[in-house]
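Q: Heads up, the sequence shown is in this note's numbering, so the first residue is 5 and it goes up one at a time. All residues carry an ideal CB built from backbone N, CA and C; glycine is no exception.
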Amino acid sequence: MPRHTSRNPKPEKTCLTCGRPFQWRKKWERVWDEVKYCSERCRRSKPAQSAASTSAARSR
5 MPRHTSRNPK PEKTCLTCGR PFQWRKKWER VWDEVKYCSE RCRRSKPAQS AASTSAARSR
């Protein structure tokens, strides 16, 4: 039997790297709006920049 069942569902986001959904965590309480990745591994392997933004950055 579960120790604690929450009546209010926790907010969810989708990881920008792997596309998996992840839920709010207590350690993200103050920065939840800034959280984009589900784990440190996904944060380190961010998706590559799009070709348009890369070429625009090179031409400057």
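Please go through the same chain and pick out, in chain order, the residues whose beta-carbon is closer than 8 Å to the beta-carbon of Lys14, but skip the five residues on each side of it.
A: Gln27 and Trp28.
Q: Apart from the five residues on each side of it in sequence, which residues of its chain come closer than 6 Å, Cβ to Cβ, to Thr18?
A: If we look at Thr18 and ignore the five residues flanking it on each side, its Cβ neighbours are Pro25.
Q: Can you name the start and end residues of the beta strand (DSSP E) that Glu16 belongs to?
A: Here the beta strand (DSSP E) through Glu16 covers Glu16 to Thr18.
Q: Measuring only the C-alpha atoms, how far is Cys42 from Trp36?
A: If you take the alpha carbons of Cys42 and Trp36, they lie about 11 Å apart.
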